[in-house]
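Notes for the one structure printed next.
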Amino acid sequence: MKLCRFQKDADGDAIRIGLAVDEMTLADLTAGGIESITELLEDDNAVARVEALTDLPTLPLAEVTFLAPVERQEVWAAGVTYLRSKTARMEESDFSASAYDLVYQADRPEIFFKSLPEKVVAPNESVGIRADAKWSVPEPELALVLNSRGQVVGCTIGNDMSSRDIEGENLLYLPQAKVYDRSCAIGPWLILGASEEAIREWIIGVKIIRANETVFAGETSLSNLKRSFDELAGYLCRSQTFAHGAILLTGTGVVPPDDFTLAAGDLIRIDISGIGTLENPVLVV
Ligand code: DO4
Ligand code: MG
Numbered sequence: 199m200k201l202c203r204f205q206k207d208a209d210g211d212a213i214r215i216g217l218a219v220d221e222m223t224l225a226d227l228t229a230g231g232i233e234s235i236t237e238l239l240e241d242d243n244a245v246a247r248v249e250a251l252t253d254l255p256t257l258p259l260a261e262v263t264f265l266a267p268v269e270r271q272e273v274w275a276a277g278v279t280y281l282r283s284k285t286a287r288m289e290e291s292d293f294s295a296s297a298y299d300l301v302y303q304a305d306r307p308e309i310f311f312k313s314l315p316e317k318v319v320a321p322n323e324s325v326g327i328r329a330d331a332k333w334s335v336p337e338p339e340l341a342l343v344l345n346s347r348g349q350v351v352g353c354t355i356g357n358d359m360s361s362r363d364i365e366g367e368n369l370l371y372l373p374q375a376k377v378y379d380r381s382c383a384i385g386p387w388l389i390l391g392a393s394e395e396a397i398r399e400w401i402i403g404v405k406i407i408r409a410n411e412t413v414f415a416g417e418t419s420l421s422n423l424k425r426s427f428d429e430l431a432g433y434l435c436r437s438q439t440f441a442h443g444a445i446l447l448t449g450t451g452v453v454p455p456d457d458f459t460l461a462a463g464d465l466i467r468i469d470i471s472g473i474g475t476l477e478n479p480v481l482v483v
């Protein structure tokens with residue numbers, strides 16, 4: 199089941215919850231009494247509840263503006279969860295290489311804070327590259343959606359924008375490499391009711407388009423994610439409660455070559471085969 203948060207282009211600011219009916223059409227769940235994504239995440243019978251709604255008004259996808267499927271959830275991120283990410287980071291920094299090597303093998307994963315919900319960038323809005331960074335990349339990631347009980351109840355697409363030169367200079371600069379204006383985009387679709395086994399068969403890919411040319415494209419299977427969903431969510435929720443639930447980015451397995459950096463005006467297109475496409479232009483912040 200594919201859900202989204204949206205505004206109708208015709209009537210302004212009201213935020214509504216939608217259900218994908220087909221490639222072109224959305225059903226308006228708010229007209230059926232559903233006012234938030236969070237209430238569905240908290241409901242053990244969310245899929246059945248939505249399926250029971252009848253006679254919902256529909257509207258063309260072309261007439262809506264997608265919002266990020268994030269309400270009051272903090273966004274956190276796991277790192278070095280794919281071999282490709284470990285290798286890339288060990289190459290970027292002699293200083294930090296052993297830390298990345300160790301964390302890839304360790305029981306405890308790397309988990310860091312990524313974004314307040316109100317700072318998450320919506321689909322089609324601009325993500326940022328830092329003005330003081332020289333080496334900026336998108337990180338296409340499967341994003342797990344957790345409810346307030348720490349259960350993984352859904353997933354979506356996330357972009358963990360990163361400044362690799364700042365991260366590579368010193369591991370203690372990681373928060374500056376990862377958390378700045380417009381550094382996290384999420385959406386547009388939130389999937390409910392898919393099993394981990396099914397999700398691990400999906401492919402995640404990214405394309406970076408500059409002046410109508412693809413300047414980088416790469417993909418990997420989500421089966422290459424080293425840790426299980428429950429393992430990552432379990433560590434996030436150790437000694438920490440999330441009253442509104444949380445989003446957990448699961449790390450990147452696609453890294454552009456070392457001579458590639460994003461530039462203002464680029465378009466980042468992230469696809470996950472079972473979810474859809476998250477697209478954002480790039481600006482300098
Ligand atoms: O420690 C570096 C960050 C790792 C990360 O964000 C990733 O692997 O996706
Ligand atoms: Mg990442």
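In this text, residue positions in the sequence shown follow this note's numbering: the first is 199, and each later residue adds one. Using N, Cα and C, we set each Cβ at its ideal position, and we do this for glycine too.
Could you spell out where the beta strand (DSSP E) holding residue i opens and where it closes?
i    : result
T285 : Counting along the chain, T285 falls outside any beta strand (DSSP E), though it belongs to the alpha helix (DSSP H) covering L281 to E290.
A392 : From DSSP, A392 is part of no beta strand (DSSP E); its letter is neither H nor E.
V325 : V325 to I327
K317 : Careful: K317 lies outside any beta strand (DSSP E) and carries neither H nor E.
Report the partner residues of residue i according to the DSSP bridge assignment.
i    : result
C382 : D358
W274 : F311 and L446
A341 : T354 and L447
L217 : L201 and A225
N478 : I466
I401 : S419
I406 : F414 and I466
Is DSSP giving residue i helix, strand or coil here?
i    : result
I235 : helix
P484 : Lying before the first or after the last residue shown, residue 484 is absent from the chain, which here runs from 199 to 483.
I473 : coil
G348 : coil
A415 : strand
P373 : helix
L265 : strand
K424 : coil
L254 : coil
L388 : strand
G230 : helix
Where do the N-terminal and C-terminal ends of the alpha helix (DSSP H) with residue i fall, by residue?
i    : result
R247 : A244 to E249
V301 : A295 to Q303
Could you tell me whether the Cβ of residue i comes closer than 9 angstroms to any Cβ of chain D?
i    : result
R270 : Here there is only one protein chain, and chain D is not present.
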